[in-house]
Structure formats: structure tokens, C-alpha cells
Amino acid sequence: KRSLGICLQHMSRLEDAKSHLQIAYRWNPDDALTNLSLGQVLYSMAQERDEKASGLTAKQYNENRRTNIDPLLREAIPYLERAYQSNDNREEARKLLRGVYYSLGDEANMRRYE
Numbered sequence: 180k181r182s183l184g185i186c187l188q189h190m191s192r193l194e195d196a197k198s199h200l201q202i203a204y205r206w207n208p209d210d211a212l213t214n215l216s217l218g219q220v221l222y223s224m225a226q227e228r229d230e231k232a233s234g235l236t237a238k239q240y241n242e243n244r245r246t247n248i249d250p251l252l253r254e255a256i257p258y259l260e261r262a263y264q265s266n267d268n269r270e271e272a273r274k275l276l277r278g279v280y281y282s283l284g285d286e287a288n289m290r291r292y293e
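Structural data, given as C-alpha cells:
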């Protein structure tokens, strides 16, 4: 499931990738690569939604951000933090965590990963 999820991620089939990686996570929640990949997919989904919202008015964008983008970013955090705890994926997880916290405007947590 993890390998299929990673392949689907590379094919930009993010919803499918998320589903497979969630199953892999349920089977082995301590696997650093699964955690990293799931965090990456969630972060990519948030970025994709953010790009699609560029034509909205400021009010619509803020509402869309609050309901559709920020929840995905927050969902990615625990997976990326677990991946960060592993030496195998530490640098990639650190970069993603900084990006997530930056996007959420959480400077204090962003600094934790400098």
C-alpha cells in the first residue's frame, strides 16, 4: 500500500495516494517513510487547493483557506513530526514542517525546525 501510494503521489493522483498511504499507516504507524509520504501528500493537496483558489475574492479566499486548506496542513503535521523523529527522513520532514508552519502563520513552531 505504501509503495502504491508513493507511485500515485508521483502521478499527481493525490486523493488516491492519500487513501493508500492511510491504509499503510494503519498497518504500520511507526514507518517513517509512510509518515513522510502521507505528510507530503497532504501538503501537496493543500498547495493544489491554494493554487486553484487564486482567482477568488479576498473574502472567498480566506473562507476557502479556513475550511479547505488549513485543515489539510494541520492534518499533515503529526505525520511529518513522526517522520522528523526518524533519522532516515529528518531533513525532508524538516523542510516540509517549516513550509506547513509558514503557511499556517505559526512562526514559533516554524523556528523549531530551523
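Numbering (the numbering used here), first residue to last: 180 to 293. We put the beta carbon where it would ideally sit given N, CA and C, even for glycine.
Assigned exposure category for asparagine 214 - 16 Cβ within 10 Å defines buried: Reading the sequence shown from its first residue, position 35 is the one you call residue 214. Asparagine 214 is buried by the Cβ-count criterion.
Check whether glutamine 201 and serine 223 have beta carbons under 9 Å apart: Within the sequence shown, residue 201 is the residue found at index 22, counting from 1. Within the sequence shown, residue 223 is the residue found at index 44, counting from 1. Not a contact, by the Cβ cut-off of 9 Å.
Classification of serine 182 by the beta-carbon crowding that lies within 10 angstroms, buried from 16 upward: One-based indexing of the sequence shown puts residue 182 at position 3. Exposed is the call here.
Serine 233 in three-state terms, based on DSSP: Looking up residue 233 in the sequence shown gives position 54. For serine 233, the three-state secondary structure derived from DSSP is coil.
Arginine 291 beta carbon near the ligand COA (any heavy atom closer than 8 Å): Ligands displayed in this structure: none; no statement on the ligand COA is therefore possible.
Cα-Cα separation between proline 257 and glutamate 270, rounded to whole angstroms: Numbered from 1 along the sequence shown, position 78 holds the residue referred to as residue 257. Numbered from 1 along the sequence shown, position 91 holds the residue referred to as residue 270. Taking the straight line from one Cα to the other gives about 16 Å.
Collapsed DSSP secondary structure at lysine 180 in the structure displayed: Numbered from 1 along the sequence shown, position 1 holds the residue referred to as residue 180. Shown here, lysine 180 sits in coil according to DSSP, grouped into three states, outside any helix or strand.
Exposure label - lysine 197; buried when at least 16 CB within 10 Å: Counting from one through the sequence shown, the residue named residue 197 turns up at place 18. With 16 or more Cβ atoms within 10 Å of its Cβ, lysine 197 is classed as buried.
Spatially closest choice to proline 268 from Gly284, Asp209, Asp249, by CA coordinates: Locating residue 268 in the sequence shown gives position 89, counting from the first residue. The displayed chain sequence assigns asparagine, not proline, to residue 268. Of the candidates Gly284, Asp209, Asp249, the one whose C-alpha sits nearest the C-alpha of asparagine 268 is Asp209.
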